[in-house]
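The next block holds one structure in the form of structure tokens; read it before the comments.
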Amino acid sequence: MLGDVMAAYRPVTVRITHSEQSGVTALDFMVEDMEESPLNEMQRNELSRLCHQVVEERRARGSV
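Residues -19 to 44 in the numbering used here are what the sequence shown spells out, letter by letter.
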């Protein structure tokens, strides 16, 4: 699903981190100059069912 959504916003920076201590793996996407989330409500709901936490935030260089 994310591949289809993010394809329109290339180039995309992707960061994957994993903490062995907590067992948490994080996947971050960043698109420069993005003003709002590319995800609609249905996509957010789907991600929320698959992930422990979904966070979308505005950064100085773009949205994550």
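The beta-carbon is built from N, C-alpha and C at its ideal position, and this holds for glycine as well.
Between which two residues does the alpha helix (DSSP H) carrying residue i extend?
{"i": "glutamate 37", "result": "Segment: none, glutamate 37 is in no alpha helix (DSSP H) and carries neither H nor E."}
Closest to residue i by C-alpha separation, out of the options, would be which residue?
{"i": "glutamate 15", "options": "Glu26, Arg29, His32 and Glu37", "result": "Glu37"}
Quick one: Cα of residue i to Cα of residue j, how far?
{"i": "arginine 29", "j": "valine 11", "result": "24 Å"}
{"i": "valine -8", "j": "aspartate -16", "result": "13 Å"}
{"i": "arginine -10", "j": "asparagine 25", "result": "23 Å"}
{"i": "valine 4", "j": "valine -6", "result": "17 Å"}
{"i": "proline 18", "j": "serine -1", "result": "27 Å"}
Cβ atoms of residue j and residue i: under 8 Å apart, would you say?
{"i": "alanine 6", "j": "threonine -3", "result": "yes"}
{"i": "leucine 27", "j": "valine 35", "result": "no"}
Output the boundary residues of the beta strand (DSSP E) element that contains residue i.
{"i": "methionine 14", "result": "No beta strand (DSSP E) holds methionine 14; DSSP gives it neither H nor E."}
{"i": "arginine -5", "result": "-7 to -2"}
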